[in-house]
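Undergrad:
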Amino acid sequence: MTNTNTTTAKKDRFDRQEKLVPMDKLQTVRCTVIGVGAVGRQVSLQLASLGAPYIQLIDFDDVEISNVTTQGYLFSEIGQSKVSAIQQMISAIDSAIQVDPVQDRFRARLDVGQAVFCCVDSISAREAIWRSTNHRCSFWCDSRMLGEVIRVLAVDDVDSHSKYAATLFSQAEAQQGVCTARSTIYAASIAAGMMIHQFTRWLRGIPIDSDTTLNLLAGEWAVS
């Protein structure tokens with residue numbers, strides 16, 4: 221394929237989203253996804269499809285058989301590191317995307333992108349990551365999911381910063397169980413879409429929703 225044809229193909233790829241996602245802004249943003257389980261895997265792949273040029277993946281875990289059902293991994297990926305499996309999937313979506321896979325727990329010394337997506341499954345981990353990264357990123361998004369109840373929190377200014385900090389309570393106060401205790405691929409996909417939606421609002425300069433809760437079973441949606 222010639223350079224001209226490659227350019228045309230790239231333009232066509234983003235043609236239908238160009239009025240919703242400002243590519244000039246997106247191309248300047250480095251994205252970090254911390255935790256690539258049920259929600260984090262979906263966030264990573266949606267970022268890739270969106271056209272994010274740089275995606276850092278941080279997770280210490282390997283793919284297990286239960287991850288095929290609840291997280292969307294493939295049978296052929298069982299035993300492989302999750303960050304490696306997603307790196308290959310992202311390359312299949314767009315080989316031009318720079319992927320930085322970090323097979324480890326999050327460490328405070330790690331550099332992170334301007335946009336951080338926190339997809340871990342414990343309050344104590346969220347609090348530690350937030351404490352380390354909040355002053356280093358411009359956009360932060362955190363998802364909390366238990367069964368069919370999804371909560372997405374986003375931060376991009378001083379006001380939303382203080383609101384988010386107030387949601388970080390001790391692990392002893394947290395509801396018993398973790399995000400992975402009861403989960404489905406459809407709830408994870410919806411949670412990821414909600415996170416990416418807040419990200420695109422930030423890219424467009426539209427005020428973000430700092431706290432959104434969706435109860436799928438009850439059909440209830442709350443935004444603040």
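Heads up: take any position in the sequence shown, counting from 1, add 220, and you land on the working numbering.
Each residue gets a CB set at the ideal place from its N, CA and C atoms; glycine is no exception.
In this structure, how does DSSP classify E297 when only helix, strand and coil are distinguished?
TA: As a position in the sequence shown, residue 297 is number 77, starting the count at 1. E297: helix per DSSP, three-state reduction.
Undergrad: Going along the chain, which residues of its own chain have a beta-carbon closer than 6 Å to the beta-carbon of C251, five neighbours each way excluded?
TA: Counting from one through the sequence shown, the residue named residue 251 turns up at place 31. The residues are L267, A272, I275, G333, A335.
Undergrad: So, with DSSP's three-state summary, where would you put S304?
TA: In the sequence shown, residue 304 corresponds to position 84, counting from 1. S304 falls in the helix class under three-state DSSP.
Undergrad: Does the distance from the C-beta atom of P321 to that of V303 stay below 8 Å?
TA: By 1-based counting over the sequence shown, the position of residue 321 is 101. By 1-based counting over the sequence shown, the position of residue 303 is 83. Closer than 8 Å, so yes.
Undergrad: Assuming R442 and A258 form a contact by the criterion Cβ under 8 Å, report the distance between their Cβ atoms to the nearest whole angstrom.
TA: As a working note, residue 442 is residue 222 in the sequence shown. As a working note, residue 258 is residue 38 in the sequence shown. One point to set straight first is that residue 442 is Ala, not Arg, in the sequence displayed. With a Cβ gap of about 22 Å, A442 and A258 do not count as contacting.
Undergrad: Quick check on the burial criterion: 16 or more other C-beta atoms within 10 angstroms. Buried or exposed for I254?
TA: Counted from its first residue, the sequence shown places residue 254 at position 34. Result: buried.
Undergrad: Under a three-way DSSP split, which group does Q446 fall into?
TA: Because the chain here runs from 221 to 444, residue 446 falls outside it and cannot be looked at.
Undergrad: Please check the pair I306 and I285, which I expect to be a contact at CB under 8 Å, by giving their CB distance rounded to whole angstroms.
TA: As a position in the sequence shown, residue 306 is number 86, starting the count at 1. As a position in the sequence shown, residue 285 is number 65, starting the count at 1. Incorrect: roughly 17 Å between the Cβ atoms, too far for contact.
Undergrad: Taking only runs that begin and end inside the region 333 to 357, name each unbroken beta strand (DSSP E) of 3 or more residues, in chain order.
TA: As far as the region 333 to 357 is concerned, its whole beta strand (DSSP E) runs of at least 3 residues are 335 to 338.
Undergrad: Have a look at the DSSP bridge pairing and note the partners of L246.
TA: Here residue 246 is taken as the residue at index 26 of the sequence shown, counted from 1. Paired residue(s): none; L246 is not in a bridge.
Undergrad: With distance defined between alpha-carbon atoms, name the residue in I310, V283, V375 nearest to S358.
TA: Position 138 of the sequence shown, counted from the first residue, corresponds to residue 358. Per the Cα distances, V375.
Undergrad: DSSP three-state call for R424: helix, strand or coil?
TA: The sequence position of residue 424 within the sequence shown is 204, counting from 1. If DSSP states are grouped into helix, strand and coil, R424 belongs with the helices.
Undergrad: Could you give the DSSP three-state label for T387: helix, strand or coil?
TA: For the purposes of this step, residue 387 is identified with residue 167 of the sequence shown, where counting begins at 1. Correct three-state label for T387: coil.
Undergrad: To the nearest angstrom, how far is it from the Cα of M243 to the Cα of S269?
TA: As a position in the sequence shown, residue 243 is number 23, starting the count at 1. As a position in the sequence shown, residue 269 is number 49, starting the count at 1. Rounded to whole angstroms, M243 to S269 spans 12 Å at the Cα level.
Undergrad: Could you compute how far the alpha carbon of L366 sits from the alpha carbon of Q291?
TA: Taking the first residue of the sequence shown as position 1, residue 366 is located at position 146. Taking the first residue of the sequence shown as position 1, residue 291 is located at position 71. Whole-angstrom Cα-Cα distance: 14 Å.
Undergrad: Kindly indicate which three-state DSSP category D279 falls into: helix, strand or coil?
TA: Counted from its first residue, the sequence shown places residue 279 at position 59. If DSSP states are grouped into helix, strand and coil, D279 belongs with coil.
Undergrad: Using 8 Å as the threshold, is the C-beta distance between M309 and L246 below it?
TA: Start at 1 with the first residue of the sequence shown, and residue 309 comes out as number 89. Start at 1 with the first residue of the sequence shown, and residue 246 comes out as number 26. No, these two residues do not count as a Cβ contact at 8 Å.
Undergrad: Excluding five sequence neighbours on each side, which residues of the same chain lie with their C-beta closer than 7 Å to the C-beta of H417?
TA: Stepping through the sequence shown from its first residue, residue 417 is reached at position 197. Result list for H417: empty, nothing under 7 Å.
Undergrad: Within the same chain, show all residues whose beta-carbon is closer than 6 Å to that of P427, passing over the 5 residues directly before and after it, in chain order.
TA: Residue numbering aside, residue 427 sits at position 207 when the sequence shown is read from its first letter. Nothing listed; no residue qualifies.
Undergrad: Contact check, V288 vs F295 under 8 Å by CB: the rounded distance?
TA: The residue labelled residue 288 in the question sits at position 68 within the sequence shown. The residue labelled residue 295 in the question sits at position 75 within the sequence shown. Contact holds; Cβ gap of about 6 Å.
Undergrad: Rounded to whole angstroms, what is the Cα-Cα separation between T353 and M415?
TA: Residue mapping note: residue 353 aligns to position 133 of the sequence shown, counting from 1. Residue mapping note: residue 415 aligns to position 195 of the sequence shown, counting from 1. T353 and M415: Cα-Cα distance of roughly 18 Å.
Undergrad: Use the C-beta contact count for F326: other C-beta atoms within 10 angstroms, 16 or more gives buried, fewer gives exposed.
TA: Translated into positions along the sequence shown, residue 326 becomes position 106. When all chains shown are included, F326 counts as buried.
Undergrad: Give the straight-line distance between the Cα atoms of R356 and A411, rounded to the nearest whole angstrom.
TA: Taking the first residue of the sequence shown as 1, we reach residue 356 at position 136. Taking the first residue of the sequence shown as 1, we reach residue 411 at position 191. Roughly 24 Å between the two C-alpha positions.
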